[in-house]
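Below is one structure; the comments refer to it alone.
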């Protein structure tokens with residue numbers, strides 16, 4: 014993937030400063046846009062673009078809205094519940110004096126990319142340090158959306174092959190199609206590796222736990238609903254953003270899979 018190569022070659026995944034398009038909004042416009050986003054923190058970029066057009070009579074695309082808010086420090090994040098907040102704090106307290114080398118951790122995850130723009134996940138726009146304020150915490154329910162699901166893993170200097178998962182992933186398929194052919198060989202090539210996976214049902218099944226134990230895999234415990242704590246989630250965000258910037262129509266999941274592989 015180009016993202017991995019860019020990190021290896023240049024030590025970054027973002028564009029060089031000043032290489033993107035110039036702003037089409039003024040500083041007062043940007044301040045007004047920030048106020049709109051703070052008024053409704055769960056509004057998507059497209060919804061804010063529609064509100065902006067109604068309020069000002071000027072069209073501004075969703076990607077421009079997103080860039081303006083990012084420049085002002087407002088990032089869209091999956092909101093936490095109060096229980097998630099407690100579990101994350103508990104996890105942090107347990108690992109605050111952890112002596113393992115974090116560079117040995119292999120972060121793994123599945124992600125779903127859809128044929129259309131909206132991915133069904135609600136975001137809240139917040140500044141750094143606002144994660145736990147009431148306005149940025151809502152209850153939410155998990156749900157599947159159509160598209161292409163992939164699995165991948167990253168280490169500090171390495172990455173696994175990207176694997177497409179067709180259909181529902183249960184514990185048996187997770188062992189036979191992900192762990193045995195992909196994850197275990199990848200881990201075996203990294204002496205001392207610590208394997209991270211989230212708490213999705215297939216991951217925590219007894220059969221999976223037994224299999225990983227039989228392979229002598231060291232696991233890193235993980236709090237529920239904490240994707241932003243794993244760096245691989247940010248890789249998925251980069252892939253999703255680059256797919257969204259590609260305006261060419263995608264008419265099938267096979268075509269979407271091919272496009273994902275080129276990023």
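Residue numbers (the numbering used here): 14 to 276.
Heads up, the beta-carbon is just placed ideally off N, CA and C, and yes, glycines get one too.
Distance CB(residue i)-CB(residue j) smaller than 8 Å
i, j, result
"residue 122", "residue 243", "yes"
"residue 92", "residue 149", "yes"
"residue 108", "residue 237", "no"
"residue 165", "residue 176", "yes"
"residue 199", "residue 119", "yes"
"residue 260", "residue 272", "no"
"residue 136", "residue 90", "yes"
"residue 62", "residue 117", "no"
"residue 162", "residue 214", "no"
"residue 42", "residue 85", "no"
Residue i, enclosing alpha helix (DSSP H) - first and last residue
i, result
"residue 285", "Within the shown structure, residues of the chain are numbered from 14 to 276, placing residue 285 beyond reach of any answer."
"residue 59", "58-69"
"residue 266", "266-274"
"residue 75", "75-84"
"residue 49", "40-52"
"residue 256", "244-258"
"residue 201", "197-201"
C-alpha gap between residue i and residue j, whole angstroms
i, j, result
"residue 66", "residue 60", "10 Å"
"residue 187", "residue 221", "8 Å"
"residue 102", "residue 235", "12 Å"
"residue 22", "residue 170", "11 Å"
"residue 269", "residue 180", "15 Å"
"residue 146", "residue 223", "39 Å"
"residue 210", "residue 58", "30 Å"
"residue 78", "residue 249", "21 Å"
"residue 258", "residue 50", "22 Å"
"residue 229", "residue 263", "42 Å"
Beta bridge counterpart(s) of residue i as assigned by DSSP
i, result
"residue 208", "119 and 232"
"residue 165", "122"
"residue 150", "93"
"residue 172", "167"
Opening and closing residue of the beta strand (DSSP E) in which residue i lies
i, result
"residue 136", "Segment: none, residue 136 is in no beta strand (DSSP E) and carries neither H nor E."
"residue 178", "176-178"
"residue 89", "88-90"
Whole-Å CB distance - residue i paired with residue j, under 8 Å assumed
i, j, result
"residue 87", "residue 138", "4 Å"
"residue 182", "residue 266", "Their Cβ separation, rounded to whole angstroms, is 15 Å, which puts residue 182 and residue 266 out of contact at 8 Å."
"residue 245", "residue 167", "5 Å"
Chain D contact for residue i (CB, 8 Å cutoff)
i, result
"residue 94", "Chain labels in this structure do not include chain D; a single protein chain is all it has."
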